[in-house]
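Enquirer:
There are 6 protein chains.
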Amino acid sequence: MKIRVINPNTTASMTAAIERCARAVAGPGTVVEAVTNTMGPASIESHYDDALAVPGLLAEIVKGEADGVDGYVIACFGDPGLYAARELASGPVLGIAEAAMHTASLLGRGFSIVTTLERTAPHALDLAERYGMSRSCRGVHATDIPVLELDDPKARNVIAEECHAALARDGSDAIVLGCAGMADLCEYLTAETGVPVIDGVAAGTVMVQALVTLGLRKSGRGEFAAPPAKQYSGVLAEFTR
Amino acid sequence: MKIRVINPNTTASMTAAIERCARAVAGPGTVVEAVTNTMGPASIESHYDDALAVPGLLAEIVKGEADGVDGYVIACFGDPGLYAARELASGPVLGIAEAAMHTASLLGRGFSIVTTLERTAPHALDLAERYGMSRSCRGVHATDIPVLELDDPKARNVIAEECHAALARDGSDAIVLGCAGMADLCEYLTAETGVPVIDGVAAGTVMVQALVTLGLRKSGRGEFAAPPAKQYSGVLAEFTR
Amino acid sequence: MKIRVINPNTTASMTAAIERCARAVAGPGTVVEAVTNTMGPASIESHYDDALAVPGLLAEIVKGEADGVDGYVIACFGDPGLYAARELASGPVLGIAEAAMHTASLLGRGFSIVTTLERTAPHALDLAERYGMSRSCRGVHATDIPVLELDDPKARNVIAEECHAALARDGSDAIVLGCAGMADLCEYLTAETGVPVIDGVAAGTVMVQALVTLGLRKSGRGEFAAPPAKQYSGVLAEFTR
Amino acid sequence: MKIRVINPNTTASMTAAIERCARAVAGPGTVVEAVTNTMGPASIESHYDDALAVPGLLAEIVKGEADGVDGYVIACFGDPGLYAARELASGPVLGIAEAAMHTASLLGRGFSIVTTLERTAPHALDLAERYGMSRSCRGVHATDIPVLELDDPKARNVIAEECHAALARDGSDAIVLGCAGMADLCEYLTAETGVPVIDGVAAGTVMVQALVTLGLRKSGRGEFAAPPAKQYSGVLAEFTR
Amino acid sequence: MKIRVINPNTTASMTAAIERCARAVAGPGTVVEAVTNTMGPASIESHYDDALAVPGLLAEIVKGEADGVDGYVIACFGDPGLYAARELASGPVLGIAEAAMHTASLLGRGFSIVTTLERTAPHALDLAERYGMSRSCRGVHATDIPVLELDDPKARNVIAEECHAALARDGSDAIVLGCAGMADLCEYLTAETGVPVIDGVAAGTVMVQALVTLGLRKSGRGEFAAPPAKQYSGVLAEFTR
Amino acid sequence: MKIRVINPNTTASMTAAIERCARAVAGPGTVVEAVTNTMGPASIESHYDDALAVPGLLAEIVKGEADGVDGYVIACFGDPGLYAARELASGPVLGIAEAAMHTASLLGRGFSIVTTLERTAPHALDLAERYGMSRSCRGVHATDIPVLELDDPKARNVIAEECHAALARDGSDAIVLGCAGMADLCEYLTAETGVPVIDGVAAGTVMVQALVTLGLRKSGRGEFAAPPAKQYSGVLAEFTR
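Residue numbers (the numbering used here), protein chains in the order written: chain A, 582 to 822; chain B, 582 to 822; chain C, 582 to 822; chain D, 582 to 822; chain E, 582 to 822; chain F, 582 to 822.
#1: Does the beta carbon of H628(C) sit closer than 7 Å to a beta carbon anywhere in chain D?
#2: Just tell me which of V606(F), A680(F), A634(F) and R690(F) has its CA closest to the CA of S686(A).
#3: I'd like to know whether the C-beta of M714(D) is nearer than 7 Å to at least one C-beta of chain E.
#4: Assuming contact is defined by CB atoms lying nearer than 7 Å, are V613(B) and R604(B) in contact in what I supplied?
#5: So what does N588(E) bridge to, in DSSP terms?
#6: Of all the CB atoms in chain E, is at least one closer than 7 Å to the CB of A755(D)?
#7: Starting from the C-beta of S624(D), find all residues in its chain whose C-beta is less than 6 Å away, skip the five residues before and the five after it, and write them out in chain order.
#8: Kindly list, in the order they appear in chain F, the residues whose Cβ is closer than 9 Å to that of F805(A).
#9: For the beta strand (DSSP E) holding T596(E), just list the boundary residues, first then last.
#10: Is the region 687-695 of chain B close to the region 790-800 of chain B, with three or more CB pairs under 8 Å?
#11: Does A783(E) get closer than 7 Å to chain D when you measure Cβ to Cβ?
#12: Does the beta-carbon of T696(A) have 16 or more other beta-carbons within 10 angstroms, so that it is buried, or is it exposed?
#13: Anything in the region 783-802 of chain E with a Cβ closer than 8 Å to a Cβ of chain D? List those residues in chain order, please.
#14: Excluding the 5 residues flanking A666(F) on each side, which residues of the same chain have their C-beta closer than 6 Å to its C-beta?
#15: Tell me where the alpha helix (DSSP H) around L758(A) begins and ends.
#16: Does any CB atom of chain E fall closer than 7 Å to the CB of S594(F)?
#17: Roughly how far, in whole angstroms, is the beta-carbon of I756(B) from the beta-carbon of A747(B), given that I think they are within contact range, below 8 Å?
#18: I'd like to know whether the C-beta of P777(C) is nearer than 7 Å to at least one C-beta of chain B.
#19: In chain C, which residues lie with their C-beta within 9 Å of the C-beta of S814(D)?
#20: For L638(E), which residues in the same chain have their Cβ closer than 8 Å to its Cβ, ignoring the five residues on either side in sequence?
#21: Starting from the N-terminal side, write out each stretch of the alpha helix (DSSP H) that is 4 residues or longer and does not extend beyond the region 689-768 of chain F.
#22: Would you please verify whether the beta carbon of V606(E) is less than 7 Å from any beta carbon of chain D?
#23: So which of R737(E), R802(E), K583(E) and A784(E) has the shortest CA-CA distance to V650(E)?
#24: Would you say the region 815-822 of chain D touches the region 696-709 of chain D, given that touching needs at least three Cβ pairs under 8 Å?
#25: For R802(A), is the beta carbon positioned less than 6 Å from some heavy atom of the ligand ADP?
#26: Who are the Cβ neighbours of R737(E) in its own chain at under 7 Å, not counting the five residues just before and after it?
#27: If distances are taken between C-alpha atoms only, which option among T592(A), H745(A) and S753(A) comes closest to F717(A)?
#28: Cβ atoms of V787(B) and A632(A): under 7 Å apart, would you say?
#29: What does Y653(E) pair with, by DSSP beta-bridge criteria?
#30: Determine the burial state of K799(D): buried for a count of at least 16 other Cβ atoms within 10 Å of its Cβ, exposed for fewer.
#31: Quick one: which chain C residues come within Cβ less than 7 Å of Y664(D)?
#32: Assign V789(A) to one of three DSSP states: helix, strand, or coil.
#33: Need the endpoints of the alpha helix (DSSP H) that G645(D) sits in, please.
#34: CB-CB under 6 Å to F805(E), same chain, minus the five flanking residues each way: which ones, in chain order?
#35: Distance cutoff 7 Å, beta carbons only. Does A723(A) sit that close to anything in chain B?
#36: Can you tell me whether S814(B) is helix, strand or coil according to DSSP?
So, in structure tokens, the structure goes:
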């Protein structure tokens with residue numbers, strides 16, 4: 582089984598960390614590869630960044646289909662381009678927010694999301710609503726650490742404190758990490774907080790693996806069928822199917 | 582006052598029709614210009630099309646800001662790139678689905694959307710949910726006429742029949758046209774059905790005009806503030822701010 | 582185009598201020614007149630006041646229809662008698678809470694309402710629910726200033742402080758003024774807070790104007806059709822159609 | 582214990598029937614009196630009728646308070662003036678839609694409302710939403726029999742057929758009668774359908790009696806406290822407290 | 582009329598107090614008997630306790646049916662086994678959370694629940710959701726007093742303080758007591774807080790009495806019809822119908 | 582890794598089929614054992630059956646904990662005793678309705694549940710609501726085949742027809758099987774319908790495996806912590822912890 586984890590931003594060091602976390606949980610027969618988007622912003626911290634990251638991300642899905650990939654994880658907590666990717670892929674595609682929120686909802690009553698910039702919080706709540714997780718998601722808490730500064734040694738203390746504060750304020754019983762760049766803090770924060778801490782990269786990997794094992798693919802009936810052929814103009818035309 | 586109506590697809594004939602409809606309702610002191618996206622699909626009928634249309638659409642917002650535009654209408658019923666556009670613009674930005682749904686909700690109890698392809702219906706329902714219009718929106722009805730065949734003379738009969746059927750089935754009291762390409766059918770369908778028929782292009786134009794008159798701009802506090810500067814790679818880099 | 586703004590309470594000085602605010606935003610060809618209710622309470626601060634104000638308000642709609650009025654604004658934040666007025670009128674009728682909430686939802690993610698007495702807050706939340714604005718409306722904040730004391734010079738400081746507090750507490754990005762009597766504070770509070778501040782009197786005026794421009798009237802199909810003829814008894818009988 | 586059932590329309594024969602139904606279920610120590618509104622429409626079939634009925638209804642509450650009434654039932658399925666009445670009364674006040682819907686929700690999973698004119702259906706759904714009964718209320722079905730023709734011998738067959746159709750279509754397991762004028766059909770329809778049929782007049786009477794027995798009155802904290810004193814103008818002024 | 586109040590835990594002293602409270606509000610012709618579960622935990626403070634209490638509770642319903650009981654109250658705020666009991670009984674069955682929440686919603690805008698252990702709060706919120714009371718229920722507040730220590734003289738002060746705090750924090754206007762063991766504190770807390778305080782044991786008793794008076798029984802159509810006959814194995818087999 | 586699949590009814594042949602389906606999807610290092618409840622009904626088709634099955638099911642969890650089981654699947658579509666089981670277990674516990682609904686929501690926009698008896702449908706909808714799947718779950722369709730007759734050769738045709746009908750009526754794009762007894766029809770129905778068909782037994786097995794792989798256990802903070810010690814009386818006392 583071949584799972585591809587796509588980092589929608591263009592920062593290769595982040596892709597490497599993501600790949601490590603994904604491989605650590607994959608089963609013996611599963612090949613996990615992480616790829617970096619070649620077109621777009623260095624990190625995704627606005628709707629604008631999200632929009633500009635998507636075409637490159639979709640080009641990776643097209644490539645993946647040619648490579649016989651069985652399932653995909655989109656490794657950015659905004660789940661950019663998820664529905665478009667689902668149209669292009671034949672196997673399952675999960676976003677890490679989607680995977681993490683569903684996972685958290687199976688373990689307790691309510692989770693808190695701890696994330697990077699305040700301005701991304703409303704989008705996380707929109708995703709919770711989209712996935713039916715509005716009641717489970719009790720709060721989104723920003724640390725105001727930019728994505729590319731998450732590996733600063735001081736960052737993990739700030740994040741741990743925000744986790745503690747979030748659990749108390751929200752009366753929640755699990756933590757969802759609100760950025761792919763936090764994936765390697767999962768173990769540390771689990772020890773710190775004593776509650777389940779969910780990293781969407783790992784969760785997405787095992788869930789895609791589970792879906793492929795079940796022989797399940799995205800539904801091809803209706804909305805997520807392959808998109809109709811179209812004439813494309815301009816600089817992106819060469820990247821289209 | 583300068584209002585720019587952006588056609589997110591690359592079909593110039595559709596832009597011309599849109600411009601006519603928008604100009605027909607603008608006030609005396611308002612200059613309305615419609616522009617065609619230069620990058621993307623000829624029509625938008627999938628999440629994939631939507632994703633590939635957005636970068637070009639955003640480039641038009643950047644250009645509009647340089648031109649001193651006061652407000653924008655995004656003239657595709659999927660409201661592509663709305664939030665990203667709102668980050669880039671200083672004045673108000675409305676999508677035509679947003680404008681049409683709010684307008685319909687001011688006139689009666691429930692509206693039916695009549696649209697093009699079945700596969701776009703779930704996205705229309707998502708937008709209704711996003712805008713708080715889930716209770717007002719009683720149904721989305723596809724005619725299965727592709728966007729670029731809407732000006733076929735037979736299309737308008739099919740659409741009129743679907744309007745009648747929708748009103749009866751949904752118990753609704755207004756019709757929302759589910760595609761910018763239907764804008765010039767508005768008068769005909771109003772006469773046919775006897776209920777308010779709302780075209781989002783016209784509705785978006787007068788509502789943006791109303792917001793500019795009130796001196797209101799998108800809120801710059803929080804989520805829709807200008808996006809943080811970022812390094813962009815690849816072919817889209819030249820189109821970024 | 583003739584727009585009539587109805588002040589549902591009997592305080593003429595408030596009507597004068599309302600008329601000023603409405604005229605300031607009307608287009609060149611639009612005649613705006615504000616009228617004072619001749620029957621009911623001096624201000625509306627309870628469900629009881631609301632109920633007793635409605636018959637006189639409806640009598641103004643009947644009069645307006647005779648005068649060829651194109652659209653109406655009901656200038657009290659409780660939107661009293663809105664549905665009954667919609668039955669009587671042939672053109673559009675908007676309440677100022679309705680107009681202000683829809684407007685605010687087009688500019689940002691969440692608004693806070695700043696209002697007069699605490700006891701009116703649950704009704705404002707009911708209206709938010711009715712209009713689909715429950716997710717956008719993040720809080721209703723009372724200043725406990727009675728309607729008829731809003732022009733006390735000290736009031737505007739209290740209101741400005743409440744606006745600041747509301748933005749912080751609610752994490753909102755716009756302010757909706759919760760009383761027609763606050764209309765002329767709009768400019769001051771915009772300058773004070775730096776976010777969009779929406780006065781429903783002005784918003785209602787430009788939105789009714791927009792609807793009339795579009796040729797849209799309240800839907801005559803079903804619930805808002807003219808009410809069936811009836812025999813009326815008692816002192817109100819002479820005020821009925 | 583003194584319970585007053587107020588018929589908000591001006592048709593005395595309907596009041597007599599309502600009184601019979603209410604008295605039939607009252608306990609031994611309970612005095613039930615029904616009164617007819619002296620001011621307003623002969624029947625309530627629009628928002629306009631509702632609005633014009635309320636001042637007279639409220640005058641009855643004022644009178645009831647002077648008479649030492651312990652609790653009130655408002656015997657019209659639109660629950661007109663309920664919140665204003667609650668402000669004026671010291672004891673409990675229930676609307677018959679409120680009483681009937683709560684009652685039905687205690688007996689099964691979902692009820693269907695069978696009512697008079699189609700145009701009143703959306704208001705019934707609004708009330709279901711207000712009372713938290715949206716999930717329980719599976720449908721509102723109009724017979725298009727006007728209120729004052731319900732005692733036509735043919736009406737009961739039409740209503741019985743609509744009950745059968747509603748149970749099948751909605752998959753519901755109880756019927757709520759959508760008009761005070763249907764109160765005396767309750768027994769007949771129970772026998773006809775074999776499911777619980779709830780008449781709000783009877784339900785309201787026993788529930789108000791239950792609340793008074795518990796020593797419970799409307800909450801005087803906040804919204805439903807007695808309304809602030811106010812100056813009233815015009816013809817209604819003499820009817821105010 | 583015969584009403585049976587079932588205490589689902591095995592503590593007979595609690596049954597005695599419950600019986601006193603239920604009898605105090607029953608009408609002259611109503612015989613109220615409280616019975617103690619003979620199988621299960623001494624108090625119910627977890628989902629596990631709830632699950633183990635239900636078989637004994639259902640055995641009491643079977644016994645009640647043989648005794649010709651007209652209606653039942655389940656006197657534990659978790660409403661354990663309510664739907665199963667409804668299947669077995671021919672008359673109405675109410676849980677005390679169900680009865681108390683509906684009652685509170687008839688008196689004001691929002692109630693606060695004051696209860697025992699924090700771990701039971703999410704279940705109370707689930708019940709509010711199930712009964713359509715999510716908007717009315719503004720908060721669940723734990724005192725962390727175990728059920729069997731509620732009659733400690735110090736408990737009532739702690740509970741009174743929590744009531745005051747809850748009213749202020751939630752902006753609510755009524756209190757719902759979150760445990761059958763608090764039934765005899767109702768009068769004291771009413772005097773202390775000045776708002777309606779609802780004890781579900783008393784509320785359930787008068788509401789069941791009201792339903793029986795109306796001649797209403799649980800709906801036998803569909804879900805709550807008598808359960809299909811089945812072969813039962815193991816130690817519980819002898820307790821089945 | 583040790584996963585235990587508990588059949589909450591007492592029919593051993595069903596347990597054998599369940600075990601086959603669960604083992605077919607488990608990873609190489611995972612030991613899956615299915616066990617049969619020793620106490621309760623032969624099949625679960627009412628709330629009453631559900632209630633009587635739970636104590637035996639919980640006894641299996643207690644046994645599983647002693648045996649060092651890592652995670653559990655409750656193999657009945659009503660998810661009986663799920664929350665109580667979660668209190669007792671240290672690892673993850675999933676119900677098959679929970680697992681199947683979450684899985685379906687990852688593949689398309691809306692699923693239809695095809696199940697056994699009509700009377701169980703409302704409970705399935707309750708579960709959808711509880712898991713945040715109300716928008717995804719577009720309908721529950723009963724075949725009226727009792728659980729223990731599902732292996733009748735004629736049953737599979739009836740079920741296949743119901744699947745086709747459900748997809749058309751609901752506009753859904755996936756099927757969820759509404760009974761553990763349908764697990765071995767999954768392959769056949771997938772071939773028949775061409776859409777993803779989800780069996781909760783298989784889905785629950787791979788999802789529990791995924792959670793254990795991630796090192797995640799039910800949250801021990803708050804509601805799902807081990808239940809407080811209690812004195813138990815009666816025949817069930819010997820089965821308690």
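Virtual Cβ for every residue (Gly too), placed ideally from N, Cα, C. What you are looking at is a predicted structure, and each value in this text was computed from that prediction instead of being measured.
Expert: On the basis of the coordinates in this document:
#1: yes
#2: A680(F)
#3: yes
#4: yes
#5: T617(E)
#6: yes
#7: N590, V728 and L729
#8: L688, G689, R690 and D754
#9: Per DSSP, T596(E) belongs to no beta strand (DSSP E); it is in the alpha helix (DSSP H), A593 to V606.
#10: no
#11: yes
#12: buried
#13: A783, A784, V787, M788, Q790, A791, L792, T794, L795, G796, L797, R798, K799, S800, G801 and R802
#14: I642 and V674
#15: From DSSP, L758(A) is part of no alpha helix (DSSP H) but of the beta strand (DSSP E) over A755 to L758.
#16: no
#17: 7 Å
#18: yes
#19: T591, N618, T619, M620, G621, P622, A623 and G637
#20: I587, P589, N618, G621, I655, P661, G662 and A666
#21: 702-711 and 734-751
#22: yes
#23: K583(E)
#24: no
#25: With respect to the ligand ADP, the structure shown offers nothing to examine, as it has no ligands at all.
#26: L766 and Y769
#27: Note that residue 717(A) corresponds to Ser in the displayed sequence, not to Phe. Comparing Cα-Cα distances from S717(A) to each of T592(A), H745(A) and S753(A), the minimum goes to S753(A).
#28: no
#29: R585(E) and V674(E)
#30: buried
#31: H628
#32: helix
#33: H628 to A647
#34: R667, E668 and K799
#35: no
#36: strand
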